[in-house]
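Here is the structure we will look at, set down as structure tokens.
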Amino acid sequence: MSSAPVETVLVAGATGGTGRAVMRLAQSRVDTLRVLTRSSDAAADLRAAGADEVIVADLLNPEGLSAAVEGVDAVLSAVGTAPTAIPSGPPFVDGAGNRALVAAAADAGVDAFVMESAVGVGPEPSSPLATAFDAFIGPLQEAKAAAEAAIRDAPLRHTILRPGVLTNGSRTDLVTVADPGAKLWGVISRADVARLMLAAPTTPAAHNRTFEVVSKPRFPARNVSIDWTLP
Numbered sequence: 001m002s003s004a005p006v007e008t009v010l011v012a013g014a015t016g017g018t019g020r021a022v023m024r025l026a027q028s029r030v031d032t033l034r035v036l037t038r039s040s041d042a043a044a045d046l047r048a049a050g051a052d053e054v055i056v057a058d059l060l061n062p063e064g065l066s067a068a069v070e071g072v073d074a075v076l077s078a079v080g081t082a083p084t085a086i087p088s089g090p091p092f093v094d095g096a097g098n099r100a101l102v103a104a105a106a107d108a109g110v111d112a113f114v115m116e117s118a119v120g121v122g123p124e125p126s127s128p129l130a131t132a133f134d135a136f137i138g139p140l141q142e143a144k145a146a147a148e149a150a151i152r153d154a155p156l157r158h159t160i161l162r163p164g165v166l167t168n169g170s171r172t173d174l175v176t177v178a179d180p181g182a183k184l185w186g187v188i189s190r191a192d193v194a195r196l197m198l199a200a201p202t203t204p205a206a207h208n209r210t211f212e213v214v215s216k217p218r219f220p221a222r223n224v225s226i227d228w229t230l231p
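As structure tokens, this is what we get:
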């Protein structure tokens with residue numbers, strides 16, 4: 001399976017930790033780095049951080065999404081909802097927002113879609129950490145599961161990453177990437193997740209697949225050997 005060139009990338013969730021890490025890595029590797037934010041106040045800061053283009057639109061009010069995805073080769077979605085927002089109830093950007101972005105990307109003929117999900121999403125056997133995720137942020141896990149299903153049903157080449165506990169640590173490139181049901185548990189830096197997200201569209205072995213990912217502890221016996229290739 002071959003990879004199409006990735007020249008224009010849209011990062012959704014660019015104001016978050018993983019999104020910023022994706023931006024830092026992508027700005028020297030793609031021709032056009034476009035980012036999506038719902039806050040016009042964040043636009044200047046995002047440009048200063050390396051964005052070539054900033055689109056202001058709300059994934060939960062998605063009329064403006066067609067402009068965001070026009071001419072894009074790959075969408076990298078690192079959007080997420082803070083657990084403190086769960087009591088206010090759905091819709092959550094993890095679910096409805098990602099689904100709206102998937103629909104817009106499919107309509108625009110985008111080639112690839114990459115989503116940052118979480119361990120414990122989906123019906124596969126899970127680790128105690130994933131079970132804890134389900135217990136404490138169950139509504140967000142359910143929203144992510146609905147978004148994952150929409151991605152798999154869409155005419156898009158996709159990769160879904162289910163990281164463990166996210167940290168602000170340095171990029172290590174030492175990660176365990178496993179198929180769903182591997183029962184991974186542990187932590188992973190947002191920088192390591194960002195590398196996998198940016199590499200996924202240009203890594204044929206990652207196409208149309210879902211992975212659990214952690215960096216500490218490592219699980220070599222469960223690891224899927226993939227040559228992750230950045231643009």
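Residue numbers (this note's numbering): 1 to 231.
No residue lacks a Cβ here, since even glycine has one placed at the ideal position from N, Cα and C.
In this text the structure is predicted, and so the values were computed from the model without any measurement.
Buried versus exposed, by CB contacts within 10 Å (16 or more), residue i
i    : result
L59  : buried
T202 : buried
D153 : exposed
D94  : buried
L10  : buried
R34  : buried
T37  : buried
R47  : exposed
Cβ pair residue i, residue j closer than 8 Å
i    : j    : result
D31  : T8   : yes
V69  : A105 : yes
D111 : D52  : no
A200 : T172 : no
F133 : V75  : no
K183 : S126 : yes
Assumed close pair residue i, residue j - CB separation to whole angstroms, cut-off 8 Å
i    : j    : result
E116 : V177 : About 14 Å separates the two Cβ atoms, so there is no contact after all.
V224 : I188 : Not confirmed; about 15 Å, so no contact.
A150 : R99  : 5 Å
A49  : R29  : The Cβ separation is near 15 Å, so there is no contact.
L166 : R195 : Rounded, the Cβ-Cβ distance is 14 Å, inconsistent with contact.
P90  : A26  : About 30 Å separates the two Cβ atoms, so there is no contact after all.
For residue i, the three-state DSSP class (helix, strand or coil)
i    : result
S189 : strand
M1   : Any reading at M1 is ruled out, since the residue's pLDDT is 43, under 50, leaving its predicted position unreliable.
E232 : This structure gives no information on residue 232, because the portion of the chain shown stretches from 1 to 231.
T210 : strand
T203 : coil
R162 : strand
T32  : strand
T18  : helix
A57  : coil
A178 : strand
A67  : helix
A12  : strand
Quick one: which unbroken beta strand (DSSP E) runs of 3-plus residues sit fully inside the stretch 71–156? Chain order, please. 74–77 and 112–116
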